[in-house]
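Asks: If you read the sequence shown in the numbering used here, its first letter stands for residue 24, the second for the next number, and so on. In this text, a Cβ means the ideal position worked out from N, Cα and C, and glycines have one as well.
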Amino acid sequence: MNKFAFAALALILASPALAADLPGRYAPPPMDSYAPPPMFTWTGLYVGANGALAVGSFSNRGNTAFGNAFGGFGGGTVGYNYQQGSLLVGAEGDIAFGSASGSGSAFPGSNSSGQVQGIGTARVRFGYVYDRALFYITGGYAGASVRGTMNDSGAAPNLFVDQSHYLNGYAVGAGVEFAITKRISVKGEYIFTGFGSGNYFNGTRDSLNSGANINLIRAGVNYHF
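1) Leaving out five residues on either side along the sequence, give the residues of the same chain with a beta carbon under 8 Å from the beta carbon of Y246.
2) With DSSP as the reference, please indicate the residues paired to K210 in a beta bridge.
3) Look up A88 in the DSSP assignment and say whether it is helix, strand or coil.
4) What does the alpha-carbon distance come out to for the pair F120 and A165?
5) Which of helix, strand or coil does DSSP assign to R170?
6) Within 10 angstroms of the Cβ of G234, are there 16 or more other Cβ atoms? Answer buried if so, exposed if not.
7) I need the straight-line Cα distance from F248 to A92, nearest angstrom please.
8) In the DSSP assignment, the beta strand (DSSP E) including S126 goes from what residue to what residue?
9) With three or more beta-carbon pairs closer than 8 Å as the criterion, would you say the segment 81 to 97 touches the segment 133 to 149?
10) Thinking C-beta only, is V199 closer than 8 Å to F215?
11) Can you give the Cα-Cα distance for S128 and S176, rounded to whole angstroms?
12) Determine the DSSP secondary structure at G177, reduced to helix, strand or coil.
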């Protein structure tokens with residue numbers, strides 16, 4: 024066997040081993056296996072719960088008779104967001120129960136107190152979205168039940184009066200909300216509420232006109248549908 028025949032025979036015997044070392048040909052994976060996860064969006068309905076520290080004062084003659092107000096509130100929230108790019112617009116309503124109260128004396132021999140017993144708001148929100156953080160301003164309607172009591176031992180006869188009014192007003196504020204998951208977000212916000220005035224204790228020497236201004240420092244958690 025000459026050297027050419029020997030070389031050809033060696034090449035034939037080596038071909039299966041060389042073929043086994045070549046990379047296999049596989050079908051490409053389906054394109055949808057590389058689809059990115061859906062982007063997070065704030066758009067949609069949500070409900071939540073909140074709690075607030077309340078600090079403020081009563082206005083007009085209530086500033087003397089009822090003094091400064093301090094207390095806390097807790098309640099629920101419902102709202103809807105619409106996000107377009109980095110901008111957001113939404114509507115939110117909430118109702119909170121609790122009290123912010125103060126006391127004073129309008130006349131010698133009298134003791135009086137004022138109490139904001141519940142606050143509700145209906146507001147719009149305008150926000151800027153950065154990743155899962157939402158920075159927003161808000162404003163709209165606010166209403167509150169405000170109670171006044173007066174115990175006047177200097178009157179003849181002694182006088183005790185207890186009266187409540189529902190006062191209308193407004194709310195403005197700002198806050199930040201962060202989405203922990205697709206469904207759960209937490210928020211912190213400051214809301215100023217100013218309420219119009221009502222007449223208390225008419226027909227007595229202690230009659231007065233009072234409103235209320237309450238600052239709410241609030242934290243909350245929301246569930247997004």
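Replies: The structure says:
1) Y69, V70, G71, R206 and I207
2) E200 and G243
3) helix
4) 14 Å
5) strand
6) buried
7) 37 Å
8) L110 to G127
9) yes
10) no
11) 12 Å
12) coil
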